[in-house]
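J.: The structure's right below; bear with me while I get my questions together.
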Amino acid sequence: MTRLEKIARELEFDIEDVQMLLSMFNENAQESLTQISTAIMHHDLPTIQNAAHAIKGSAANLTLSEISEKAKEIEVSAKAGEERDYLELYQQLQSLIEEMDYDTLCA
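See below:
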């Protein structure tokens, strides 16, 4: 069973619906990643927190736990005002999202 099929089964959706949701997730995640990147340059922790929160929730709804957990790490750190290497965390999150391509989900 492919990852795409597992997600469809868990969500009780058709594969086509999951594909549409994943496409929408990717579009929204790219926007949030852009917000995080810009916020990192300005050390704007509230924006980092909010954008990471958006990714976390969407990823969790689609059972994309690795992405959700990394976004949660960024969100919690930014909310607490922690001095972290947010650029490194951002790059890790970006990589996880990029790795979630159609071929990976169908394998």
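Those letters in the sequence shown? Residues -1 to 105, by our numbering. All C-beta atoms, glycine included, are put in the ideal place defined by N, C-alpha and C. Just so we're clear, the structure is a prediction, and the values are computed from it rather than from any experiment.
According to DSSP, is residue 51 part of a helix, a strand, or is it coil?
T.: Three-state result, residue 51: helix.
J.: Three-state secondary structure (DSSP) at residue 36?
T.: Helix, per DSSP.
J.: Kindly indicate which residue of 14, 27 and 36 has the alpha-carbon position closest to the one of residue 62.
T.: Of the candidates 14, 27 and 36, the one whose C-alpha sits nearest the C-alpha of residue 62 is 27.
J.: Looking only at C-alpha atoms, which of 40, 67 and 39 sits nearest to residue 51?
T.: With distances taken between Cα atoms, residue 51 lies closest to 67.
J.: Since I believe residue 77 is in contact with residue 47 (beta carbons under 8 Å), could you give me their beta-carbon distance rounded to a whole number of angstroms?
T.: Contact holds; Cβ gap of about 5 Å.
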